[in-house]
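In terms of the numbering used here, the sequence shown opens at residue 8 and continues consecutively.
Virtual Cβ for every residue (Gly too), placed ideally from N, Cα, C.
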Amino acid sequence: RALVQRYRRDRLPQLDERRAVLRAERADGAAERADLEAEHRRLVERSRTLRTDAEAELIGRAQVVAATLARARIRRAVAEARFDVVLVDEAGAATLVEVLLAVSRASTTAVLLGDFLQLGPVLHRAVDTSTHQAVRTWVQSTCFSHLGITSPQAALRHPGCMALLHQFRFGPGLRRLANDVVYQGLRDARDLPGVRAN
Numbered sequence: 008r009a010l011v012q013r014y015r016r017d018r019l020p021q022l023d024e025r026r027a028v029l030r031a032e033r034a035d036g037a038a039e040r041a042d043l044e045a046e047h048r049r050l051v052e053r054s055r056t057l058r059t060d061a062e063a064e065l066i067g068r069a070q071v072v073a074a075t076l077a078r079a080r081i082r083r084a085v086a087e088a089r090f091d092v093v094l095v096d097e098a099g100a101a102t103l104v105e106v107l108l109a110v111s112r113a114s115t116t117a118v119l120l121g122d123f124l125q126l127g128p129v130l131h132r133a134v135d136t137s138t139h140q141a142v143r144t145w146v147q148s149t150c151f152s153h154l155g156i157t158s159p160q161a162a163l164r165h166p167g168c169m170a171l172l173h174q175f176r177f178g179p180g181l182r183r184l185a186n187d188v189v190y191q192g193l194r195d196a197r198d199l200p201g202v203r204a205n
């Protein structure tokens with residue numbers, strides 16, 4: 008035991024020096040780490056800026072840009088761009104305000120494609136049951152319901168609506184079912200002159 012105590016006593020000055028060296032190295036390492044973290048943040052921000060600039064440039068030069076309504080709203084390069092023509096597919100499944108935001112980017116033409124009888128937009132329950140007039144007008148309604156296009160007859164009467172009356176995808180049995188349940192106006196593509204459909 009005395010030997011161990013003497014060893015510790017003899018080694019204490021060396022251990023103390025070593026501790027001082029390690030503390031200094033730790034302080035140097037902490038400063039270097041802080042510098043590296045700051046450089047990392049700077050590079051990440053620079054990368055983000057370069058990506059945004061590159062995206063905006065590519066979109067500015069592109070002849071065709073495809074995006075979902077959500078991406079067209081949240082991606083700055085798309086949200087701030089102007090387009091000659093904007094096509095919105097599945098317009099009946101989107102809120103009126105989403106569609107209006109997309110078509111506001113068109114400088115000459117906007118075309119809405121969709122089925123006014125399909126399921127509408129999926130809304131949070133609080134929004135779906137809201138009685139606030141602005142929510143009812145702009146969020147609960149679709150581009151079709153806003154214009155009173157809620158039935159096949161209304162679609163046919165509306166001057167800005169082009170209804171597709173012939174279907175090509177399904178046979179007579181499914182067409183009859185769709186007509187009986189929902190559409191009441193579809194015709195088989197085989198009724199068109201010069202069209203051969205299965």
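Kindly indicate which three-state DSSP category residue i falls into: helix, strand or coil?
i	result
Gln-160	helix
Asp-60	helix
His-47	helix
Phe-151	helix
Ser-114	strand
Leu-119	strand
Val-106	helix
Asp-42	helix
Leu-94	strand
Gln-140	helix
Gln-21	helix
Arg-33	helix
Arg-194	strand
Which residues in the same chain as residue i place their Cβ atom closer than 6 Å to its Cβ, once the five residues preceding and following it in sequence are excluded?
i	result
Gly-127	Thr-149
Val-95	Val-106, Ala-109, Leu-119
If distances are taken between C-alpha atoms only, which option among the options comes closest to residue i?
i	options	result
Met-169	Asp-122, Gly-180, Trp-145	Asp-122
Leu-130	Val-146, Leu-124, Leu-120	Val-146
Ser-158	Arg-176, Val-188, Ile-81	Val-188
Val-60	Pro-200, Arg-25, Ala-88, Leu-22	Here the sequence assigns Asp to residue 60, which means Val is not the residue at that position. For the residues Pro-200, Arg-25, Ala-88, Leu-22, the minimum Cα distance to Asp-60 belongs to Ala-88.
Ala-98	Gln-125, Ile-81, Val-92	Gln-125
Arg-58	Gly-180, Ala-196, Arg-83	Arg-83
Ala-141	Glu-62, Ile-66, Leu-103	Leu-103
Would residue i pass as a contact of residue j if the rule is Cβ separation under 8 Å?
i	j	result
Ala-117	Leu-76	no
Val-85	Ala-74	yes
Arg-143	Ser-137	yes
Leu-154	His-165	yes
Phe-175	Ala-196	yes
His-173	Asp-198	yes
Can you list, in chain order, the residues of its chain whose CB lies under 8 Å from that of residue i, leaving out five sequence neighbours each side?
i	result
Asn-186	Gly-192, Leu-193
Phe-90	Val-72, Arg-112, Ala-113, Ser-114
Ala-79	Val-85, Ala-86, Leu-108, Ala-109, Arg-112
Glu-52	none
Leu-171	none
Val-92	Ala-113, Thr-115, Thr-116, Ala-117, Val-118
Leu-180	Checking the sequence shown, residue 180 turns out to be Gly, not Leu. Here the set comprises nothing.
What residues in its chain sit with their C-beta under 7 Å from that of residue i, if we drop five residues either side in the sequence?
i	result
Gly-36	none
Arg-182	Gln-174, Leu-193, Asp-195
Arg-132	none
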